[in-house]
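Asker: In this note's numbering, the protein residues as written are -12 to 288.
So, in structure tokens, the structure goes:
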């Protein structure tokens, strides 16, 4: 059975402004998601699942899903703030979504095979999808054997401001032992720095592997996540801004010895639209890739 690609597309992208998941950046108006789907199909994925917000379903189906008809089966599921386990309710005043861990849970009803998880607004590169697909193809029938595609930090920076990345701790055997979320990472005077919670600057390790939210799981991950989300709500369910993240579940599982996460290296260089000022360079990069023959243009016919 071919693995499934699960694309997290429910966010708004506040720093960029608007629904950047639907922004046409390729030579023929292709979205970043279009390139991810194309790379995934070349790598051997057999189904695409999107998680979106219900309020932009029509635009999403018309501008995105329609392109893939005849190419690959597609499912759409929805993340909503009130999609909570029995016994829990949304606290008064909360408008913020529950995070990537919650968004991933929305796919449980339609995913029964090994699956990859990615962000809708990040370009990961063909090599990354090939690496992820190869791992997932041999994961059929297994439990607790997951993976994460780790990017070299220098390949994930924006020229227009600091970025948030998950700094990965990796054992000598290439197994993930922890992920620490770091913020404000950028090059400054030729050196990598990050911003600490108190606003001060601190060095960031050169060459470090970081998470770009490109994961590989087997379906048992949903069951673990369900229980982890319940535990999260018991502790943070009355808060207005707390979020339930994928790395939190992964860290808990690895700490308890219930799962092992292999860190897969990739030479790919990330790019995307973290900031509005990133857009022109991203448009130019897709133009170059089409000119070099990496992608056909138009991408889908």
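Glycine included, every Cβ here is placed at the ideal spot set by N, Cα and C.
Bear in mind that the values here come from a model prediction, so they are computed numbers and not experimental data.
Between residue -6 and residue 63, what straight-line distance do the alpha-carbon atoms span, to the nearest angstrom?
Answerer: Stepping through the chain shown from its first residue, residue -6 is reached at position 7. Stepping through the chain shown from its first residue, residue 63 is reached at position 76. Residue -6 and residue 63: Cα-Cα distance of roughly 10 Å.
Asker: Just checking, does the region 260 to 271 make contact with the region 140 to 152 on the three C-beta pairs under 8 Å criterion?
Answerer: Touching, yes.
Asker: Out of curiosity, what's the CA-to-CA distance linking residue -2 and residue 9?
Answerer: Position 11 of the chain shown, counting from 1, holds the residue named residue -2. Position 22 of the chain shown, counting from 1, holds the residue named residue 9. Using only the alpha carbons, I get a separation of about 11 Å.
Asker: Would residue 181 be called buried (16 or more neighbouring beta carbons within 10 Å of its own) or exposed?
Answerer: For the purposes of this step, residue 181 is identified with residue 194 of the chain shown, where counting begins at 1. Counting Cβ neighbours within 10 Å, residue 181 comes out buried, since at least 16 surround it.
Asker: Which partner residues of residue 170 appear in the DSSP bridge assignment?
Answerer: Within the chain shown, residue 170 is the residue found at index 183, counting from 1. Paired residue(s): 182.
Asker: Report the rounded CA-to-CA distance for residue 247 versus residue 17, giving the unit in angstroms.
Answerer: Taking the first residue of the chain shown as position 1, residue 247 is located at position 260. Taking the first residue of the chain shown as position 1, residue 17 is located at position 30. The straight-line gap from Cα to Cα measures roughly 36 Å.
Asker: Going by the DSSP bridge assignment, what does residue 232 pair with across the sheet?
Answerer: As a first step, residue 232 is located in the chain shown; it is residue number 245 there, counting from the start. Residue 232 pairs with nothing; no bridge assigned.
Asker: By a C-beta neighbour count over all protein chains shown, 10 Å radius and 16 as the cutoff for buried, is residue 288 buried or exposed?
Answerer: The residue given as residue 288 occupies position 301 in the chain shown. Residue 288 comes out exposed.
Asker: Three-state secondary structure (DSSP) at residue 95?
Answerer: By 1-based counting over the chain shown, the position of residue 95 is 108. Residue state, collapsed to three classes: coil.
Asker: Which residue marks the beginning of the beta strand (DSSP E) containing residue -9, and which one marks its end?
Answerer: Taking the first residue of the chain shown as position 1, residue -9 is located at position 4. From DSSP, the beta strand (DSSP E) with residue -9 extends over -9 to -5.
Asker: I think residue 78 touches residue 68, with their Cβ atoms under 8 Å apart; what is that distance to the nearest whole Å?
Answerer: Start at 1 with the first residue of the chain shown, and residue 78 comes out as number 91. Start at 1 with the first residue of the chain shown, and residue 68 comes out as number 81. Incorrect: roughly 10 Å between the Cβ atoms, too far for contact.
Asker: Can you give me the C-alpha to C-alpha distance between residue 243 and residue 21, rounded to a whole angstrom?
Answerer: Within the chain shown, residue 243 is the residue found at index 256, counting from 1. Within the chain shown, residue 21 is the residue found at index 34, counting from 1. In a straight line, the C-alpha of residue 243 is about 37 Å away from that of residue 21.
Asker: Can you list, in chain order, the residues of its chain with a C-beta nearer than 8 Å to that of residue 1? Leave out the 5 residues immediately preceding and following it.
Answerer: Stepping through the chain shown from its first residue, residue 1 is reached at position 14. The predicted position of residue 1 is uncertain, since its pLDDT is 44 and thus under 50; no value can be drawn from it.
Asker: How many angstroms separate the CA atom of residue 104 from the CA atom of residue 241?
Answerer: Working through the chain shown from its first residue, we reach residue 104 at position 117. Working through the chain shown from its first residue, we reach residue 241 at position 254. Taking the straight line from one Cα to the other gives about 18 Å.
Asker: Give me the Cα-Cα distance between residue 4 and residue 266, rounded to the nearest whole angstrom.
Answerer: Numbered from 1 along the chain shown, position 17 holds the residue referred to as residue 4. Numbered from 1 along the chain shown, position 279 holds the residue referred to as residue 266. With a pLDDT of only 48 at residue 4, under the threshold of 50, the placement of this residue in the model should not be trusted; the figure read from the coordinates follows. Each residue's Cα considered, the two are about 11 Å apart.
Asker: Can you say whether residue 197 is buried or exposed, counting buried as having 16 or more other CB atoms within 10 angstroms of its CB?
Answerer: Within the chain shown, numbered from 1, the residue matching residue 197 stands at position 210. Residue 197 comes out buried.
Asker: Report the CB separation of residue 319 from residue 201 in whole angstroms; it is logged as a contact under 8 Å.
Answerer: The first residue shown for the chain is -12 and the last is 288, placing residue 319 beyond what the model contains.
Asker: Helix, strand or coil: how does DSSP classify residue 165 here?
Answerer: Here residue 165 refers to the residue found at position 178 when the chain shown is read from its first residue. Here residue 165 sits in strand by DSSP.
Asker: Quick check: residue 25 and residue 211, are their CB atoms within less than 8 Å of each other?
Answerer: Along the chain shown, read from residue 1 onward, the residue named residue 25 stands at position 38. Along the chain shown, read from residue 1 onward, the residue named residue 211 stands at position 224. No. Outside cutoff.
Asker: I need the DSSP call for residue 145, collapsed to helix, strand or coil.
Answerer: Position 158 of the chain shown holds residue 145. Reduced to three states, the DSSP call for residue 145 is strand.
Asker: Could you tell me the boundaries of the alpha helix (DSSP H) in which residue 196 lies?
Answerer: Position 209 of the chain shown, counted from the first residue, corresponds to residue 196. Unbroken run through residue 196 is the beta strand (DSSP E), 196 to 204; no alpha helix (DSSP H).
Asker: In angstroms, rounded to a whole number, what distance separates the CA positions of residue 93 and residue 167?
Answerer: Here residue 93 refers to the residue found at position 106 of the chain shown. Here residue 167 refers to the residue found at position 180 of the chain shown. The straight-line gap from Cα to Cα measures roughly 25 Å.
Asker: For a test of the three-state rule: what should DSSP assign to residue 190, helix, strand or coil?
Answerer: As a working note, residue 190 is residue 203 in the chain shown. In the structure shown, residue 190 sits in a strand (DSSP, three-state: E or B).
Asker: So, for residue 285: in the same chain, excluding its five sequence neighbours on each side, which residues have a beta-carbon less than 6 Å away from its beta-carbon?
Answerer: By one-based count along the chain shown, residue 285 stands at place 298. Taken in chain order, the residues that qualify are 15.
Asker: Let's see if you can read the secondary structure: which residues bound the beta strand (DSSP E) around residue 67?
Answerer: To locate residue 67, count along the chain shown from 1; it is residue 80. No beta strand (DSSP E) contains residue 67, which DSSP labels as neither H nor E.
Asker: Does residue 46 pass the burial test, meaning 16 or more other C-beta atoms within 10 Å, or should it be called exposed?
Answerer: Sequence index remark: in the chain shown, residue 46 carries index 59 (1-based). So residue 46 ends up on the exposed side.
Asker: Pop quiz: residue 112 and residue 255 are said to be a contact at Cβ under 8 Å. What is the actual Cβ separation, rounded to whole angstroms?
Answerer: For this step, residue 112 is matched to residue 125 along the chain shown. For this step, residue 255 is matched to residue 268 along the chain shown. Their Cβ separation, rounded to whole angstroms, is 3 Å, which keeps residue 112 and residue 255 in contact under 8 Å.
Asker: With a threshold of 8 Å, are at least 3 pairs of Cβ atoms found where one atom belongs to the region 114 to 131 and the other to the region 268 to 279?
Answerer: No, they do not touch.
Asker: Cα separation between residue 292 and residue 258?
Answerer: This structure cannot settle anything about residue 292, because the visible part of the chain is limited to -12 through 288.
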